[in-house]
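Mind the numbering: the sequence shown is residues 471 to 931 in our numbering, read in order. Even glycine gets a Cβ: it sits at the ideal position worked out from N, Cα and C. Bear in mind the structure is a predicted one, so any value in this text is a computation, not a measurement.
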Amino acid sequence: MTEHSELPAVEIDGISKAFGPTVALDGVSFAIAPGSVHALLGENGAGKSTLVKLLSGLVRPSQGHVRVFGKEIAYGAPRAAHALGMQTAFQEMTLVRDLSVLDNMLLPYAPVGISGLIRRGAARKAVRRHIEDLGFSVDLDAEVSELELSVRQKIEIARAVYRKPRILLLDEPTSTLAGRDVDWLGDIIARLKVAGTTIVFITHRMREVRALCDTLTILRNGRHIVTAPVADVSDADVIEKIIGRSIEQTFPPKPDSAQAFGPPVLGVRDLKVGRKLDGAGFDLRKGEILGVAGLQGMGQQDLFLACFGMAEIERGHILVDGRKVWLGSPADALRPNMAIGLVPEDRKSEGLFLKLSGSQNATLPVISRFTRLGLVDAQAETRSVEAAFATVEVDRRALWTRAGAFSGGNQQKIAIAKWLVAQSRILLLFDPTRGIDVGTKHELYVMMRNYVASGGSILLH
């Protein structure tokens, strides 16, 4: 029995947090047992990420206390949280894209010698041994920006585990992982649990909660709804407590299978792009949702980027309305006779400018359409954005609030609304429900159905 075995690993006592008029957490209280895997569930915007930032010492609560094995966290001091044994792998990764894998693994606690210089040789050996022990391989000298999103997520997780945490916070770690990578994470969680590590696991996937977690806590609108053993609640109960209502079905009804689609609007013939995409071909018809399947990293991203003018085509060609076209840049894809829009895999770094408002993000690709003599017609711009935001049911505050202030679900809705403002007739949606709760997923599925019913076409991965 350890020194702190009778104390909760984490005790959250009456925590509230407001950002201006927005209340992110409202009197939340619950405890997490040592050595357990505890799921933290809720819709996008329920307060989960704010709570993780509080536990990490990054933000200060408006009121209440957080204790780790009986000791209160010093807020605004991540090093103090680290000293208590707290480590976090964030969903929106904290890796520095322009640094190497090794440099990122060492930040911000690199080992130094007596001279104050980093002991780089010893650090390299230790990091390589750690990554091999976790069961994956990566070039330690590779720049993070060159790596696929799933590999970056594994590095984010590996870095948190490298620091030997007593409490590990995993903020939607599987939102960018699939198949074997999810199993890889499950093995790591099992090993850490055996070693006595307490794990807080945020996810939107109930199968992961069932497979990995002992207990769960549900937040809704910043308030604590329930804490219970996973075995004591059904999936239907969990969903109803998360969104405050029941959902009869995740997906909206399919249209009549005999529905006649229109002529092809986007075609690909014998396309070769990069090292992984070779010989691709398809026809996407008007009013159709065409799915692109396959294991992660098998050329899907190259295909989507090529169809948006962001990847060099080595062989083959692209057809729009049956005619060969040259897409040398996104500007070509945006032309009215093309009208193609892309929602990329990484919405934060590739799909949005987080410091701009939702409205500014939505009109940025086609701002010239609202401009005369160098001046923006603000009324026309607002009317167009309001209509698009109403279609995707985004929070109306996004008209004037910076995109980075919103949850992942609302950010994804802004990223989609951007192409509705641009009047795109072809949407390329790359994993559009990544990291999104069940309620928002349903809303996006309905939006997709309505979009193609009105004559649009979607290429979906």
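Secondary structure, alpha helix (DSSP H): runs of 4+ residues fully inside the stretch 821-881: Taken in chain order, the whole alpha helix (DSSP H) runs of length 4 or more contained in the stretch 821-881 are 828-833 and 848-862.
With the cut-off set at 8 Å, would you say S894 and A809 are in Cβ contact? Taking a C-beta distance under 8 Å as the contact criterion, S894 and A809 qualify as a contact pair.
DSSP has S486 in a bridge; who is on the other side? Looking at the DSSP assignment, S486 forms a beta bridge with Q533.
Here's a check: name, in chain order, each residue in its chain whose Cβ is nearer than 7 Å to the Cβ of R919, leaving out the five neighbours to either side. If we look at R919 and ignore the five residues flanking it on each side, its Cβ neighbours are P722.
Which complete beta strand (DSSP E) runs does the stretch 647-731 hold, if anything under 3 residues is left out? Counting whole runs of 3 or more residues, the stretch 647-731 contains the beta strand (DSSP E) stretches 668-672, 685-690 and 693-699.
How is the alpha helix (DSSP H) around L604 delimited, first residue to last? Bounds of the alpha helix (DSSP H) holding L604 are R590 to L604.
Can the beta-carbon of G692 be found less than 8 Å from the beta-carbon of A516? Taking a C-beta distance under 8 Å as the contact criterion, G692 and A516 qualify as a contact pair.
By Cβ distance, which residues of its chain are closer than 6 Å to T687, with the 5 residues on each side in sequence left out? Taken in chain order, the residues that qualify are F500, L510 and T697.
Alpha carbons only, please: which of E616, D772, A875 and I659 is nearest the one belonging to G490? Closest option to G490, Cα to Cα, is A875.
So L890 and A848 are supposed to be a Cβ contact under 8 Å. How far apart are they, rounded? That belief does not hold up - the Cβ atoms of L890 and A848 are roughly 19 Å apart, past 8 Å.
Given a threshold of 16 other Cβ atoms within 10 Å of its Cβ, counted over all protein chains shown, does V813 qualify as buried or as exposed? Counting Cβ neighbours within 10 Å, V813 comes out buried, since at least 16 surround it.
Among the residues of its own chain, which have a CB less than 8 Å from the CB of A648, if the five just before and after it don't count? These residues qualify, in order along the chain: S620, L765 and Q766.
By how many angstroms is the C-alpha of V507 removed from the C-alpha of E476? Computed Cα separation, rounded: 17 Å.
Three-state secondary structure assigned by DSSP to T644: In this structure, T644 counts as helix in the three-state DSSP scheme.
Can you check DSSP and say which residues form a bridge with S570? Paired residue(s): E613.
Following the continuous alpha helix (DSSP H) through F774, name the residue where it begins and the one where it ends. Going by DSSP, F774 is part of the alpha helix (DSSP H) stretching over Q770 to C777.
Just verifying my parser: in three-state terms, what is the DSSP assignment at Q623? Here Q623 sits in helix by DSSP.
Going straight from the alpha carbon of P800 to that of A596, what length do you get? Taking the straight line from one Cα to the other gives about 43 Å.
For E481, which residues from the same chain have a beta carbon less than 6 Å from its beta carbon, with the 5 sequence-adjacent residues on both sides left out? Here E481 has A501 and R537 as same chain residues with Cβ atoms under 6 Å from its own Cβ, once five neighbours each way along the sequence are excluded.
State the DSSP-derived secondary structure class of V908, mapped to helix, strand or coil. In the displayed model, V908 falls within a helix according to three-state DSSP.
On the DSSP bridge list, what partners appear for V608? The beta-bridge partner set that DSSP reports for V608 is empty.
Taking the alpha carbon of V670 as the point to measure from, which residue in I788, M575, L640 and V664 has its own alpha carbon closest? Closest in alpha carbon position to V670, among I788, M575, L640 and V664, is L640.
Outcome for F560 when other beta-carbon atoms lying within 10 angstroms are tallied against a minimum of 16: So F560 counts as buried.
Rounded straight-line distance, which links the Cα of A593 to that of L937: Nothing in the structure corresponds to residue 937, since the chain is present only between 471 and 931.
Who are the near neighbours of E542 in its chain, counting only those whose CB is closer than 6 Å to its CB and skipping five residues on each side? Once the five neighbours on either side are set aside, the close Cβ partners of E542 are H535.
Sub-8 Å separation of Q881 and R817 beta-carbons: Contact: yes.
Contact set for M471: own chain, Cβ-Cβ below 8 Å, skip 5 residues either direction: Confidence at M471 is low in this model, with a pLDDT of 41, below 50, so the placement of that residue should be treated as unreliable; the coordinate-derived value is given next. Contacts found: none.
What distance in whole Å lies between the Cβ atoms of V652 and I625, which are believed to be in contact at a cut-off of 8 Å? Taking C-beta atoms under 8 Å as the contact rule, I625 and V652 fail to qualify, at a distance of about 16 Å.
Please name the residue, chosen from V631, S645 and D740, that lies closest to A660 on a Cα-to-Cα basis. Looking at V631, S645 and D740, the one whose alpha-carbon comes closest to that of A660 is V631.
Cβ neighbour criterion (16 or more within 10 Å) applied to L930: L930 comes out buried.
Assuming L495 and T520 make a contact with CB atoms under 8 Å, what is their CB distance in whole Å? The Cβ separation is near 6 Å, so the contact holds.
How would you call K888, buried or exposed, if buried means at least 16 neighbouring beta carbons within 10 angstroms? By the neighbour-count rule (16 or more Cβ atoms within 10 Å), K888 is buried.
Return the chain-ordered list of same chain residues with a C-beta closer than 6 Å to the C-beta of G737, the five sequence neighbours on each side being excluded. For G737, the CB contacts under 6 Å within the same chain, skipping 5 residues up- and downstream, are D753 and L789 in chain order.
Return the residue from the list C683, D568 and P578 that minimises the CA-CA distance to S615. For the options C683, D568 and P578, the alpha carbon positioned closest to that of S615 is the one of D568.
By DSSP, does R549 sit in helix, in strand, or in coil? Here R549 carries a helix assignment [DSSP, helix/strand/coil].
Taking 8 Å as the cut-off, decide whether the C-beta atoms of L747 and G769 are in contact. Yes, the pair counts as a contact, with Cβ atoms nearer than the cut-off.
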